[in-house]
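Trainee:
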Amino acid sequence: MRTSSFTILMIVLLMIIIVLALIVIIGLTAMLGTGSTVGEETGPIMQFVTLAQEQMLSVFDYIQQWVNYIIIQIQKLSELI
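Counting the sequence shown from 1 gives a position; the working numbering is that position plus 32.
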């Protein structure tokens, strides 16, 4: 029983390390794409956070536009009735 718990713990630890490495790799790729240099404010993790923030803002903007479209269509439908 202890061996399986230890194995699961090691797998979780390995997955955390892999996710952190992917964040750094994506951040470095974003830095190369924008032409930034390595620094405190523009490190790979901050580049990843900035990239994720831009993506989330675009998703929320799309959802907001979709909701506005639905509301306008409901208003038009209610005016016809």
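Where a beta carbon is used, it is the ideal one built from N, C-alpha and C, also for glycine. Note that the coordinates shown come from a computational prediction; the quantities given were computed from them, not determined experimentally.
Cα separation between residue 88 and residue 105?
Mentor: Your numbering for residue 88 matches position 56 in the sequence shown. Your numbering for residue 105 matches position 73 in the sequence shown. Using only the alpha carbons, I get a separation of about 26 Å.
Trainee: Using a 10 Å radius around the Cβ and a threshold of 16 neighbouring Cβ atoms, would you call residue 79 buried or exposed?
Mentor: The count along the sequence shown starts at 1 and reaches residue 79 at position 47. With 16 or more other Cβ atoms within 10 Å, it is buried.
Trainee: Taking buried to mean at least 16 other C-beta atoms within 10 Å of its own C-beta, is residue 42 buried or exposed?
Mentor: As a position in the sequence shown, residue 42 is number 10, starting the count at 1. Exposed, because fewer than 16 other Cβ atoms sit within 10 Å of the Cβ of residue 42.
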